[in-house]
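Taken in sequence, the protein lines are chains W and R.
Every letter in the first sequence is one number past the one before it in numbering that gives the first Met the number 0, and letter 318, counting from 1, is 317.
Every letter in the second sequence is one number past the one before it in numbering that gives the first Met the number 0, and letter 64, counting from 1, is 63.
Even glycine gets a Cβ: it sits at the ideal position worked out from N, Cα and C.
Notes to accompany the following structure.
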Amino acid sequence: MNFLFTYNTHVLFNVFQSFLIFFSIVVFGAMLSVIERRLLALFQNRYGPNRVGFFGSLQLFADMIKIFFKEDWTPNFSHKFIFNIAPILSFSSILLVSVIIPFSKNMQIIDFKIGILFFLMMASLSVYSILLSGWSSNNKFSFLGAMRAAAQTLSYEVFLGLSVMGTVVKAGSFSLLEITFNQSHLWNIIPQFFGFLTFFISSLAICHRHPFDQPESEQELADGYHIEYSGMKFGMFFIGEYISIIIMSCLITTLFFGGFYGFYSVSIFWFILKSLFFIFLFILIRASLPRPRYDRVMIFGWLVCFPIALLNLLFTAFLVLYL
Amino acid sequence: MIIKKIIKMVISQLNSIFLVFMNSFSKRETKLYPEIPVKLTPRYRGRIVLTRNKNGKERCVACNLCSSVCPVGCISLQKKTLKNNRWKAKFFRINFSRCIFCGLCEEACPTSAIQLISDFELADYKRKDLIYEKEDLLISGPGKYSDYDFYKYSGITIKDPKNKSLLKKNKTVNLKSLLP
């Protein structure tokens, strides 16, 4: 009990900071649904939602009211316990990655020595939520979607790990803070360009964003794995996807774009700016690229991205060891 | 060869992303309707009205042609004979929840009484309110064809049907007609 009184302010500050980070990520994730619609409209020469409030600023609250008052129906042919627990898993598994992201030098919830391994673990745990939701819905289309999601995520996670390893080898540590410090003079994008490419592509696949939205392809599978979900359970999946976009763009910033290092200064401002740029890029890619055929996605993953990531890792290791 | 193909594919993808990005600088096509009023051509087929001629008399002679030509059967009317043996609609009813705004009634009408004007704000909260009676349909003006008077050419009180001067054709092109 003694340490509670001695480090009282420090502990309180840490708790406050963690709550702030969690809360702001969740709120921004919810806001991103409106921001994405506005941006997609911008790319397609229309206005997005601009009726509710001043320039559509209250659209988020309208959506919230709608989703809260929808009937939250659990199908009686489903496995109810797994059906209910899947959206919570989907929401929380990728949100937990936010604890290892260094927003600035002092603003990080916890600095794991195995930071990247923790991220890889959580990313692979998020497959379970989709697989369980697709299976417990007891619906052929949702099961097809879940199978596609599992196959896609498994094949893209192989080189998700490999593409990050180049930066790990360069920094000599799994800790994200160490990797950021390693980029104080030169951002990793230049020496690790192919690592960045493969990481970006696989992060698109991990978030189930277009063009890798095979599990929820509306045209073939009628929304895939969350076909039976409604109300707030669907909302969890929906916001979980946006949160995973935020987390992934934060990670890209940290790993390849120098994190909080900017021009002439070191601050959280640069971090947020870079992350916003990557969120913008995610939405731009959604607006422009069509969904490829399913076997093409797998072939592209295994035959193009996987060798590139592997060669990149080998080359980096060679340079680090012999130069 | 495969590598060349892959590079070509990657460049085409990047190009499409760039082109979509450049769209964000171009003008938006959406019309912000309630704030900015819509410009519609006079031939636009919107709300259906019943018109009067120049003297303020009803043009409709209750011939039932519009009702019989209507593909969805949303027009119903009944005739009433006046003292001078002319006809007039006793009631005239259009069910706008069925109307498809095809404009066939306007083309069938010999007296050009029934006309489709360029007003499309017909929304209502109840289906019952979309059934328009004669009082709702009848307007005080002549509509699109201000000079036309049916009884000049035909009808019950015409005295001299061989008076060719009235039947002289107008040589100017009628912009409002869809017929050849």
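Quiz item: Going by the beta-carbon positions, is the gap between W:T166 and W:L254 smaller than 8 Å?
Solution: Here the question's residue 166 of chain W lines up with position 167 in the first sequence. Here the question's residue 254 of chain W lines up with position 255 in the first sequence. Contact check for W:T166 against W:L254 passes: the beta carbons are separated by less than 8 Å.
Self-check item: Per-residue DSSP class, three states only, for R:A88
Solution: Indexing the second sequence from 1 puts residue 88 of chain R at position 89. In the structure shown, R:A88 sits in a strand (DSSP, three-state: E or B).
Quiz item: What span of residues does the beta strand (DSSP E) with R:K79 cover, start to end?
Solution: As a working mapping, residue 79 of chain R is identified with position 80 in the second sequence. Start and end: 74 to 80.
Self-check item: Contact set for R:L138: own chain, Cβ-Cβ below 8 Å, skip 5 residues either direction
Solution: Here residue 138 of chain R refers to the residue found at position 139 when the second sequence is read from its first residue. Before going further, note that residue 138 of chain R is Ile rather than Leu in the sequence given. Take R:I138, set aside five residues on each side of it, and the residues of its chain with a beta-carbon closer than 8 Å to its own are V48, L49, T50, R51, in chain order.
Quiz item: With distances taken between CB atoms, is the gap from W:S266 to W:S103 smaller than 8 Å?
Solution: Numbered from its first residue, the first sequence carries residue 266 of chain W at position 267. Numbered from its first residue, the first sequence carries residue 103 of chain W at position 104. Yes, they are a contact pair.
Quiz item: Quick one: is W:R295 buried, meaning 16 or more other Cβ sit within 10 Å of its Cβ, or exposed?
Solution: The residue given as residue 295 of chain W occupies position 296 in the first sequence. Within a 10 Å sphere around the beta-carbon of W:R295 sit fewer than 16 other beta-carbons, which makes this residue exposed.
Practice problem: Note down, in chain order, every chain R residue with its Cβ under 9 Å from the Cβ of W:N44. | Solution: Working through the first sequence from its first residue, we reach residue 44 of chain W at position 45. Taking a Cβ-Cβ threshold of 9 Å, the residues of chain R close to W:N44 are N22, S23, S25, K26, R27, E28, T29, in chain order.
Quiz item: Quick one: complete beta strand (DSSP E) runs, 3+ long, within the region 113 to 145 of chain R?
Solution: For the region 113 to 145 of chain R, the full-length beta strand (DSSP E) segments reaching 3 residues or more read 113 to 115 along the chain.
Practice problem: Take the Cβ of R:Q77 as the centre, count every other Cβ of all protein chains shown within 10 Å, and call the residue buried at 16 or more, exposed below. | Solution: Mapped onto the second sequence, residue 77 of chain R falls at position 78. Classification of R:Q77: exposed, given that the 10 Å Cβ count is below 16.
Practice problem: Give a yes or no on whether 8 Å exceeds the smallest Cβ distance from W:I284 to chain R. | Solution: To locate residue 284 of chain W, count along the first sequence from 1; it is residue 285. Taking Cβ atoms only, chain R reaches closer than 8 Å to W:I284, which makes this a yes.
Quiz prompt | At least 3 beta-carbon pairs within less than 8 Å: the region 160 to 180 of chain W vs the region 205 to 213 of chain W | solution = Flag = no, the region 160 to 180 of chain W and the region 205 to 213 of chain W do not touch.
Quiz item: Could you check where the alpha helix (DSSP H) with R:I1 kicks off and where it finishes?
Solution: In the second sequence, the residue the question calls residue 1 of chain R occupies position 2. Following the DSSP letters along the chain, one finds R:I1 inside the alpha helix (DSSP H) bounded by residues 1 to 21.
Exercise. Determine, using beta carbons only, whether W:D71 and W:S229 come nearer to each other than 8 Å.
Key: Taking the first residue of the first sequence as 1, we reach residue 71 of chain W at position 72. Taking the first residue of the first sequence as 1, we reach residue 229 of chain W at position 230. Yes, these two residues count as a Cβ contact at 8 Å.
Quiz item: DSSP three-state call for W:I108: helix, strand or coil?
Solution: For this step, residue 108 of chain W is matched to residue 109 along the first sequence. Correct three-state label for W:I108: coil.
Quiz item: Along chain W, in chain order, which residues have C-beta atoms closer than 7 Å to that of R:V19?
Solution: Reading the second sequence from its first residue, position 20 is the one you call residue 19 of chain R. By Cβ distance, chain W contributes F42, L283, A286, S287.
Exercise. Please state if the CB of R:A107 and the CB of R:R58 are separated by a distance shorter than 8 Å.
Key: Working through the second sequence from its first residue, we reach residue 58 of chain R at position 59. Working through the second sequence from its first residue, we reach residue 107 of chain R at position 108. No.
Quiz prompt | Any C-beta of chain R under 8 Å from that of W:V157 | solution = By 1-based counting over the first sequence, the position of residue 157 of chain W is 158. Taking Cβ atoms only, chain R never reaches closer than 8 Å to W:V157, which makes this a no.
Quiz item: Which residues in chain C sit within 8 Å of R:S15, going by Cβ to Cβ distance?
Solution: No chain C appears in this structure, whose protein chains are W and R.
Practice problem: Determine the DSSP secondary structure at R:R27, reduced to helix, strand or coil. | Solution: For the purposes of this step, residue 27 of chain R is identified with residue 28 of the second sequence, where counting begins at 1. Residue state, collapsed to three classes: coil.
Exercise. Could you check the C-alpha separation between W:K112 and W:C304 for me, to the nearest Å?
Key: The residue you call residue 112 of chain W lines up with position 113 of the first sequence. The residue you call residue 304 of chain W lines up with position 305 of the first sequence. So the alpha carbons of these two residues sit roughly 28 Å apart.
Quiz item: Name the DSSP bridge partner or partners of R:R51?
Solution: Your numbering for residue 51 of chain R matches position 52 in the second sequence. According to DSSP, which records beta bridges pairwise, R:R51 is partnered with R:E57.
Exercise. With a threshold of 16 other CB atoms inside 10 Å of the CB of R:G140, please say whether the residue is buried or exposed.
Key: Locating residue 140 of chain R in the second sequence gives position 141, where the first residue counts as 1. R:G140 comes out exposed.
Quiz item: Can R:I74 and R:I99 be called in contact, C-beta distance under 8 Å?
Solution: Here residue 74 of chain R is taken as the residue at index 75 of the second sequence, counted from 1. Here residue 99 of chain R is taken as the residue at index 100 of the second sequence, counted from 1. Result no, Cβ atoms of R:I74 and R:I99 do not sit closer than 8 Å.
Quiz item: Are the region 170 to 190 of chain W and the region 274 to 284 of chain W in contact at 8 Å, needing three or more beta carbon pairs?
Solution: In this structure the region 170 to 190 of chain W does not touch the region 274 to 284 of chain W; the number of beta carbon pairs closer than 8 Å is below three.
Practice problem: Grab the span of the alpha helix (DSSP H) containing W:N82 for me, first residue to last. | Solution: Looking up residue 82 of chain W in the first sequence gives position 83. Looking at the sequence provided, one finds Phe at residue 82 of chain W rather than Asn. Counted as a single uninterrupted DSSP element, the alpha helix (DSSP H) harbouring W:F82 occupies residues 79 to 94.
Self-check item: Contact set for W:L175: own chain, Cβ-Cβ below 6 Å, skip 5 residues either direction
Solution: Position 176 of the first sequence, counted from the first residue, corresponds to residue 175 of chain W. Apart from the 5 residues on each side of it in sequence, W:L175 sits with its Cβ closer than 6 Å to the Cβ of I99, P101, G114, T253 in its chain, given in chain order.
Quiz item: The alpha helix (DSSP H) with W:T362 in it runs from where to where?
Solution: This structure leaves residue 362 of chain W out entirely; chain W is present only between 0 and 322.
Quiz item: Going straight from the alpha carbon of W:M297 to that of W:F262, what length do you get?
Solution: Here residue 297 of chain W refers to the residue found at position 298 of the first sequence. Here residue 262 of chain W refers to the residue found at position 263 of the first sequence. When rounded, the distance between both Cα atoms is 39 Å.
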